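S.K.: Residue numbers (our numbering), protein chains in the order written: chain A, 23 to 642; chain B, 51 to 303. This is the structure I want to talk about, given as structure tokens.
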Amino acid sequence: MQRWRLKKSLFSRRGMGLFLLLCCSLSAARAEDVSFNVSAPRVVGTGESFRVTFSVNANANDFTPPDFAGFQVIAGPSRSTSQQVQFINGTVSQSQTTSFTYVLQAQQEGKFTLGAASVAVDKKTYQTQPLAIEVVKAEEAPQAAQQQQVQQGAQRAAETGGGNDIFVRILVSKSNVYRGEYLTATVKIYSQSMNIAGFEDVKFPTFNGFWSQEIEAPQQLQFQRENVNGKIYNSAVVRRYVLFPQQTGALKIDPFEITCALQVHAAPRSIFDDFFGASAQIVRKHIASPTVTVQVQPLPANAPASFAGAVGVGFKMSAELARDSVTANDAASAIIKISGEGNVKLVDAPKIAWPPDFETYDVKISDNSKTSASGVSGSKQFEIPFIPRSAGTFSIPPVEFTYFDIAKKQYVTITSQPLDIRVGKDPNAGSSVTVGGVNRQSVRALGEDIRYIKTGVPEWQEKNSLFFGSPLYYLLAGAEILAFILCYLFLSKRRKDLQNVVLVRHRKANKTARRRLNTANQLLKSGNEPGFYEELAKALWGYLGDKLAIAVAGLSRENAREALLNRQISGAEAETFLQIIDECEFARYAPAGGSVQMQKIYDDAIKAISRFEQLLKVKN
Amino acid sequence: MKYRFFILAAILLLPFGSAATATADSLWAQANTFYANGQYPDAIRVYSGIEAAGKASPDLYFNMGNAYYKQNELANAILYYERALRLSPGDAAIAYNLEMAQLRTLDRIDAIPEFFLFTRIRHLRQWASADGWATLSLFLVAATLLCLAGFFFIRSVRLRKLSFFTAAACALLAAGSVIFAEAQRTAVTSRSEAIIFPAVVTVKSAPDNTGKDLFILHEGAKVIIIDELSDWQNIRLRDGKEGWIEAGNAVRI
């Protein structure tokens, strides 16, 4: 709609075919960015004519000038319009400027304010800012202005030879600050005449003890008139810095040094000199600014623990979690935003008291602060990524941020609300176990699984019941011991009985043998030879059997010999004894020796038994 | 085998015991089927039913541990594996699954280095349960008495010597197994060991909330409860650290 009207007006005004063509492709006829400015020198001398120009970057109607009280309007308004059409990379842009110019003359010294002028663009009214103009007493010869005409040149040159003052200085916005409080330092050059041909050997201050940031470094110096001690100077900003003192005490700012090449008009030697420009000479002048001292006070000592160097005015802090519900081992982040006016750039992230099981990573800082002549303002955002390692509901204590308020001259602490977070169970915890970060033994069971359940029918037992210590246990133990005791008693009794029989036989062996020998003796006397030998053999065998605890039926020559040898009786002795038995046995079946033989064997038998009685007694 | 005496006695003394056992057997089969089909919550429900009926078995605890493990309930899984291991200390499958579950806990607690002999003895002790050692002790007592009888009644000097020393050895072993049985019984009945259940527990220096935070424990950590004071329990870790936690955070094995 607006564009259409604009096109139409262009067409009606110019009525040119070219514009018809342009209108088809004009895409950026910007009526929206209207700026309406006034430009005039800030300082003028009495009786000096100067221009005041109101300019608007659109086609404007209904211009209403301000009240020029204190000034005399010499000429104007003169309206001029300029139009610019640009083709850049195939796009066409158009700009238009309308300006209204007055020529005024100051009548008397003092400070005057030009009120707001208004203009209408597309039925919208725009106003200029009021402009203060200072009128000072004119010097004997009026100071040359930028717009001065060529004819006045000769006259000006003659005057500036003497009062041609030029200097630089550093202006600080505050000379008494707290540590960390910002101030601006402006390096300005002042010149009474406009005869600066160039600069050499520029040396900017280093600002030791400050954190400095350049905020303005114009490519071309913009000279403006300024009143310095009642004199009109043309001043220009060379550099502008924002400074944050980092040390306390009297901090000195080094001087700004510059060598200016000045154009000096020599006295013309001929009338042609000036005309050809030969009378101008270049003179180099080294100038330096005076040293500026800034008093920096330390911050009060009672700083809270959460103070991390923020100094300024109107700080705000917000802390929140990107999500308030996550699962374990899932990444999340906490966002802390700090905004305010002051050293926002230098603010550190406030500390968060994380629950012990949270892993945090490097803070991501996005600085959105702007540095301007009015200090540093804006916001700084800290994004703190973290990973909760276990499930649960956690409440992170409120985040505290303390700054030193310059206006109140005290520490101000801002506290956020507590941050609550619900951490759910890790849904992937079972499938692939990768517990990272936490000091954990290396996961060596990847891809393995637990052993399968037991499917066999178990032997059920009652809960919390034990066989050990139960009555049954003691019963069984007692039964074992009882059985042993019974066995022992039975066996020992039997052995005792058995041992008694043997002992009796052993003790009575001699007696029994002697009884048999007596019987044999009677048979010897009666001449019963077979009976004698039989009785004698029985006596000898019986004796051996009784002594060796072997049943007579089980006795043989071999086992008797062995038993005797076992009883440590020499082979010869045993053989002697057995020889007698052999002789008896032999004589029993083949009696031949008669009574002499019988008597000999009988005596041998008695001797042998006596001998063995001794031998076996000793051994037993 | 180990419990045959007991089973025999139980059957003789409790006429209803066999009926209860039959129910437990059918529930056991049912729960195992649930487990096999992946219905772990149902399996846990039925296993817990058997447990609630007063039945116990290392196999039951082992299967419960498995079901809890599959449900990602780590603390419960470890608790039941530990209980199973109490009843059947030498079971390799239980030990393996317990280790698997412990691998997934967050706390690595290194035990204080122990004199190697104690470790050996402890391992030896855990070779069998209290009842296992008790049964063994009965056999050893019987063997001792038998050898003693041999010593008394065998005539051969060599055999008598042999039987005397065998009897002495058996007597020593019997005494040892009784000591082990007693130690195992104390370990089971004292129930001083416990498993941490919540995801995170802060261990305090004193039995109240104002105590200093000493360290944190995670789900599944094993602690030894050495003292109790109102609602607080004094715990010790295997690495010697001690502190207080609120009762209810740890479940006794």
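Virtual Cβ for every residue (Gly too), placed ideally from N, Cα, C. Just so you know, these numbers come straight off a predicted model, no measurement behind them.
Please tell me whether A:I475 has its Cβ less than 9 Å away from any Cβ of chain B.
M.R.: By this cut-off, A:I475 is an interface position.
S.K.: Which complete beta strand (DSSP E) runs does the segment 218-259 of chain B hold, if anything under 3 residues is left out?
M.R.: Counting only runs of 3 or more, we get 243-246 and 250-254.
S.K.: Identify each residue in the segment 104-124 of chain B for which the Cβ-Cβ distance to at least one residue of chain A is less than 7 Å, and report them in chain order.
M.R.: Answer in chain order: G104, K105, A106, S107, D109, L110, F112, N113, N116, Y119 and N122.
S.K.: In the DSSP assignment, find the unbroken beta strand (DSSP E) run with A:L193 in it and report its ends.
M.R.: Unbroken beta strand (DSSP E) run through A:L193: I188 to V194.
S.K.: So that I know if they touch, is there some Cβ in chain A lying closer than 9 Å to that of B:R288?
M.R.: No, B:R288 does not count as interfacial toward chain A.
S.K.: State the Cα-Cα distance for the pair A:I406 and A:S391, rounded to the nearest angstrom.
M.R.: Approximately 19 Å between the Cα atoms of the pair.
S.K.: Hey, is A:P377's beta-carbon within less than 9 Å of any beta-carbon in chain B?
M.R.: Cβ-Cβ to chain B under 9 Å: yes for A:P377.
S.K.: Starting from A:S417, find everything on chain B with Cβ-Cβ shorter than 7 Å and list it in chain order.
M.R.: Correct list: empty, because the minimum Cβ distance to chain B is about 13 Å.
S.K.: Quick check for students: name the residue ranges of the alpha helix (DSSP H) that lie wholly in the segment 93-163 of chain B, counting only runs of 4 or more.
M.R.: List check, alpha helix (DSSP H) in window: 108-120, 124-137 and 142-153.
S.K.: Let me see if you follow: with CB-CB separation under 9 Å, is A:P440 close to chain B or not?
M.R.: Chain B, which has no Cβ nearer than 9 Å to the Cβ of A:P440, makes this no.
S.K.: State buried or exposed for B:K120, treating a residue as buried only when at least 16 other CB atoms are found within 10 Å of its CB.
M.R.: Buried, by the Cβ-count rule.
S.K.: Give the residues of chain A in contact with B:T185, contact being defined as C-beta atoms less than 8 Å apart.
M.R.: F489, listed in chain order.
S.K.: For A:V65, does the three-state DSSP call read helix, strand or coil?
M.R.: Reduced to three states, the DSSP call for A:V65 is strand.
S.K.: Tell me which residues of the segment 243-255 of chain B have at least one Cβ-Cβ distance to chain A shorter than 8 Å, keeping chain order.
M.R.: Cβ contacts with chain A: P248, A249, V250 and T252.
S.K.: Taking 9 Å as the CB-CB cut-off, is A:E502 touching chain B?
M.R.: Output row for A:E502: interface = yes.
S.K.: Would you list the residues sitting across from B:K291 in a DSSP beta bridge?
M.R.: BP columns for B:K291 are empty, so no partner.
S.K.: Name the chain B residues whose beta carbon is nearer than 8 Å to that of A:S412?
M.R.: Here the neighbours are L156, A249, V250, H268 and E269.
S.K.: Is there a C-beta anywhere in chain A that falls below 9 Å from the one on B:L147?
M.R.: A quick correction: the sequence has Asn, not Leu, at residue 147 of chain B. Answer yes: the Cβ-Cβ gap between B:N147 and chain A drops below 9 Å somewhere.
S.K.: Which residues bound the alpha helix (DSSP H) around A:I503?
M.R.: A:I503 -> alpha helix (DSSP H) spans P493 to S548.
S.K.: Looking at the secondary structure, which residues open and close the beta strand (DSSP E) in which A:V318 lies?
M.R.: Per DSSP, A:V318 belongs to the beta strand (DSSP E) from V314 to Q319.
S.K.: Measuring alpha carbon to alpha carbon, tell me which of B:A184, B:R158 and B:R210 ends up nearest B:H268.
M.R.: Out of B:A184, B:R158 and B:R210, B:R158 has the C-alpha closest to the C-alpha of B:H268.
S.K.: In terms of residues, what are the limits of the alpha helix (DSSP H) holding A:G553?
M.R.: It spans E551 to L570 - the alpha helix (DSSP H) in which A:G553 sits, taken as one unbroken run.
S.K.: State yes or no: is the C-beta of A:L586 within less than 9 Å of the C-beta of A:L570?
M.R.: In this structure, A:L570 lies closer than 9 Å to A:L586 by Cβ.
S.K.: Mark A:Y383 as exposed unless 16 or more other C-beta atoms lie within 10 angstroms of its C-beta, in which case mark it buried.
M.R.: Exposed, since its Cβ has fewer than 16 Cβ neighbours within 10 Å.
S.K.: Just verifying my parser: in three-state terms, what is the DSSP assignment at A:I155?
M.R.: A:I155 falls in the strand class under three-state DSSP.
S.K.: Compare the C-beta of A:L637 against all C-beta atoms of chain B and say whether one is closer than 9 Å.
M.R.: Cβ-Cβ to chain B under 9 Å: no for A:L637.
S.K.: Determine the contact status of A:S347 and A:G491, defining contact as a CB-CB distance below 9 Å.
M.R.: Against a cut-off of 9 Å, the Cβ pair of A:G491 and A:S347 comes out as no contact.
S.K.: Going by alpha carbons, who is nearest to A:N230 out of A:K274, A:I572 and A:I623?
M.R.: Nearest of A:K274, A:I572 and A:I623 to A:N230, Cα basis: A:K274.
S.K.: With a threshold of 9 Å between beta carbons, is B:D181 in contact with chain A?
M.R.: Judged by the 9 Å Cβ criterion, B:D181 is in contact with chain A.
S.K.: Less than 9 Å between the C-beta atoms of A:L546 and A:A627, yes or no?
M.R.: The answer is no: Cβ separation not under 9 Å.
S.K.: Given a threshold of 16 other Cβ atoms within 10 Å of its Cβ, counted over all protein chains shown, does B:G270 qualify as buried or as exposed?
M.R.: It counts as buried.
S.K.: In terms of residue numbering, what span does the alpha helix (DSSP H) encompassing B:S187 cover?
M.R.: Per DSSP, B:S187 belongs to the alpha helix (DSSP H) from A180 to F203.
S.K.: Between the segment 219-244 of chain B and chain A, which residues of the former have a C-beta closer than 7 Å to a C-beta of the latter?
M.R.: Per Cβ criterion, the list reads A231 and R235.
S.K.: State the DSSP-derived secondary structure class of A:F72, mapped to helix, strand or coil.
M.R.: Three-state result, A:F72: strand.
S.K.: How close, in whole Å, do the beta carbons of A:P675 and A:A330 come, if the pair is a contact with beta carbons under 8 Å?
M.R.: Any answer about residue 675 of chain A is impossible in this case: the structure gives chain A only from 23 up to 642.
S.K.: Name the one or two DSSP bridge partners that A:M620 has.
M.R.: Answer is none; A:M620 lacks a bridge partner.
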